[in-house]
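Worksheet: one structure, shown below.
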Amino acid sequence: MRFPQAQVALLEAASATDAKPIEQLAEETDLKPETVTRAAFDLRDEGLVAVDERVEESATLTDEGETYREAGLPEVRLFRAARDAGGTVGMGEAIGASGLEGPEVDIALANYARKGYGVVDGGEVSADADADPDADEEAAALDALAAGEVVEDAGLLDRLESRGLVDVDETTVRSVTLTDAGVTALMEGVEAAETVDRLTPELLTSGEWEDVEFTEYNVEADAPAVEGGREHVLRGAAERVKDVLVGMGFQEMDGPHADADFWINDCLFMPQDHPARTHWDRFALDVPPVRDLPEGLVDRVEHAHREGVGEDGDGYHSPWSEDFARAIALCGHTTSLSMRYLSGYADADLEPPQRYFSVQKAYRNDTLDATHLLEFYQIEGWVMAEDLSVRDLMGTFEEFYRQFGIEEIRFKPHYNPYTEPSFELFGEHPETGEEIEIGNSGMFRDEVLEPLGIDCDVMAWGLALERLAMLTTGAEDIRDLHGTLADLEFLRNAEVTY
Ligand code: PHE
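For the sequence shown, position 111 (counting from the first letter as 1) is numbered 404 according to our numbering, and the numbering increases by one without interruption.
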């Protein structure tokens with residue numbers, strides 16, 4: 294029988310009695326492991342070999358694991374120090390004697406009682422007289438792994454992995470055995486067919502293509518996955534948002550991530566004693582204040598805060614300080630950019646009609662959960678025109694979200710100090726069916742527009758890119774999308790549906 298060369302080499306190297314791993318066969322045949330794997334699967338499909346697969350776990354020490362293997366685990370060092378000092382000692386003394394430094398102290402304390410070394414209480418460390426640090430199974434496992442031995446206890450390996458002391462990798466080990474049909478084929482005689490696996494310009498020009506035998510493609514063969522780089526789901530969503538908004542006639546705004554509170558809040562008629570402006574919510578930066586602010590605008594904004602605007606206007610009667618307005622913080626929303634543009638400060642004075650947007654980062658001191666991170670991308674936008682109404686705002690969102698396959702948007706009345714009326718937007722999550730908030734919007738108030746010198750209507754919004762990406766990818770937790778807990782498997786394979 295004739296087979297491609299690699300298959301002949303594999304048939305000759307394989308044994309009917311001895312399952313040989315791919316690596317060994319690769320060495321014996323002088324072929325690449327991928328080539329042997331492919332040949333093995335092809336021959337398996339012909340019934341000539343059997344391929345056995347096994348997932349093998351291999352554990353290796355991390356740098357931290359290696360450090361503790363040499364110097365001793367922090368909890369063991371704390372125990373020895375306490376025991377040598379008489380059994381019960383002040384925390385400071387025990388730590389000093391143990392030589393533990395920085396984060397090692399917390400690590401020692403976190404593992405001390407768990408592993409039965411004693412008690413840490415009321416500023417004292419006591420060493421349990423029955424504890425034996427030489428029998429520490431975690432320390433023994435580190436030694437064993439360093440010596441290349443296998444640690445069988447899965448629970449123990451899990452603990453070491455969660456402490457960051459070992460990395461556990463899974464590999465699929467395949468081995469090949471000849472079947473009876475394979476042995477028969479070998480006895481009847483196999484020879485290598487000169488097959489060609491690709492059509493080249495030389496084969497074409499020489500006319501040789503007419504005589505050669507082409508290798509058959511096996512598109513079902515198992516092949517190693519190639520994890521190439523891929524555009525991040527959020528980046529993809531951001532680019533798509535830009536395309537859609539540009540298609541709707543919007544121009545892009547650009548500006549700083551950290552800005553004067555003047556642009557972030559004061560222009561937006563946010564009173565200076567508003568809770569969002571306190572140190573709990575705001576990421577203040579310890580840098581010199583902004584010097585360059587448009588003076589006339591600062592005066593008009595201050596006036597709006599103190600006295601209000603228009604004949605029946607009323608201000609906040611709350612403190613207003615220019616120093617606070619000049620202080621710099623990370624932008625809690627990108628509406629600061631809208632203020633820079635609407636005031637004419639970022640570019641030129643603008644005449645209606647105008648449409649602007651941005652997709653930029655905003656930072657908030659939120660509590661982390663499935664829909665909140667400390668930072669997110671905001672899709673900011675506004676339309677400036679005569680006689681705008683809430684119908685225009687709703688119609689714009691419906692048109693925008695429809696481009697992402699989201700047909701059902703719900704609006705809920707809301708309050709913002711800078712818009713009246715205001716609406717929160719909700720969309721239904723495709724997997725959980727839950728309504729999630731996807732944005733906030735409204736018509737800017739006169740207290741915002743008048744100081745900016747605008748006498749037509751402006752409707753505006755801030756939408757969350759991550760929430761949009763959750764709706765279009767089905768991700769149920771924002772932390773899967775970015776941050777240290779991001780789900781790489783999800784990011785590699787997520788299908789974006791629009
Ligand atoms: N700044 C608002 C937010 O971050 C969004 C918004 C922008 C609302 C403009 C109304 C007008 O939630």
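Note that the Cβ used here is the ideal one computed from N, Cα and C, for glycine as well.
Bridge partner(s) assigned by DSSP for residue i
i, result
"G698", "The partner list for G698 (beta bridge, DSSP) is empty, contrary to what the question assumes."
"V803", "Because residue 803 is not part of the residues shown, which for the chain are 294 to 791, the question remains open."
"W613", "Bridge partners of W613: none, in fact."
"H665", "D662"
"I729", "G720"
"A343", "T470"
"W754", "G674, S734"
"T276", "Within the shown structure, residues of the chain are numbered from 294 to 791, placing residue 276 beyond reach of any answer."
"E350", "E463"
"T488", "E506"
"N709", "T712"
"R760", "Paired residue(s): none; R760 is not in a bridge."
Residue j beta carbon less than 8 angstroms from that of residue i
i, j, result
"E431", "L449", "yes"
"A597", "P744", "yes"
"T488", "P297", "yes"
"A757", "L774", "no"
"S629", "A753", "no"
"P367", "E397", "yes"
"A474", "R295", "no"
"L341", "T508", "no"
"L324", "L435", "no"
"V505", "L496", "yes"
"G380", "A422", "yes"
"T477", "S308", "no"
"Y711", "M563", "yes"
Candidates the options: closest to residue i by CA position
i, options, result
"P560", "F543, D421, A485, E615", "Strictly speaking, residue 560 in this sequence is Cys, with Pro absent from that position. Of the listed residues, the one whose Cα sits closest to C560 is E615."
"R376", "V412, D605, A518", "V412"
"V466", "N709, L318, R452", "L318"
"L686", "G522, F704, A478, G698", "F704"
"T725", "V583, D770, G746", "D770"
"D585", "P568, D566, A620", "A620"
"V459", "D446, R570, G625, E359", "E359"
"Y670", "D311, G395, V526", "V526"
"I702", "I731, G542, G385", "I731"
"L667", "I557, L623, R528, D473", "L623"
"V519", "S455, E327, L764", "E327"
"L371", "E357, G389, R523", "G389"
"I747", "L304, R593, E481, P517", "R593"
"D554", "Q544, Q565, M546, G548", "Q565"
"M546", "R760, R633, E386", "R633"
"V652", "E673, L643, L635", "E673"
"V329", "E350, L303, E349, A352", "L303"
"Y656", "E700, E788, D574, G385", "D574"
"V382", "T310, N658, A420", "A420"
"E532", "F783, E759, G392, A299", "E759"
"V301", "D311, T310, T322", "T322"
"A332", "A516, A387, L764, T689", "A516"
"V741", "E386, W556, G755, A569", "W556"
"P568", "G625, F690, A437", "G625"
Residue range of the unbroken alpha helix (DSSP H) whose run includes residue i
i, result
"K535", "526-540"
"S499", "494-499"
"G448", "447-455"
"N786", "781-786"
"V369", "367-377"
"E394", "Per DSSP, E394 belongs to no alpha helix (DSSP H) and is neither H nor E."
"P744", "739-745"
"A597", "588-600"
"D554", "554-557"
"L635", "628-635"
"A364", "356-364"
Run of the beta strand (DSSP E) containing residue i, from where it starts to where it stops
i, result
"A678", "668-678"
"S715", "712-721"
"I315", "No beta strand (DSSP E) contains I315, which is instead part of the alpha helix (DSSP H) from 315-322."
"S651", "647-656"
"E431", "Premise fails: E431 lies in the alpha helix (DSSP H), 430-439, not in any beta strand (DSSP E)."
"A302", "Looking at the DSSP string, A302 is not in any beta strand (DSSP E); the run it does join, the alpha helix (DSSP H), is 298-306."
"L336", "No beta strand (DSSP E) holds L336; the alpha helix (DSSP H) holding it covers 326-338."
"A622", "621-623"
Problem set entry | Three CB pairs or more closer than 8 angstroms across the stretch 671-678 and the stretch 641-655 | yes
Exercise. Is it a yes or a no for the stretch 535-544 touching the stretch 605-619, going by three-plus beta-carbon pairs under 8 angstroms?
Worked result: no
Problem set entry | Sufficient close CB pairs (3 or more, under 8 angstroms) joining the stretch 318-327 to the stretch 395-413 | no
Exercise. How do the stretch 659-669 and the stretch 579-597 stand: do at least 3 beta-carbon pairs fall below 8 angstroms, yes or no?
Worked result: no
Problem set entry | Segment contact, 8 angstroms Cβ cut-off, at least three pairs: the stretch 333-349 with the stretch 436-452 | no
Exercise. Are three or more beta carbon pairs between the stretch 637-646 and the stretch 706-720 nearer than 8 angstroms?
Worked result: no
For this session: Assess, as a yes-or-no matter, whether the stretch 410-427 is touched by the stretch 370-388 under the definition of 3 or more beta carbon pairs within less than 8 angstroms.
Result: yes
Exercise. Is the number of C-beta pairs between the stretch 342-355 and the stretch 492-510 that are closer than 8 angstroms three or more?
Worked result: no
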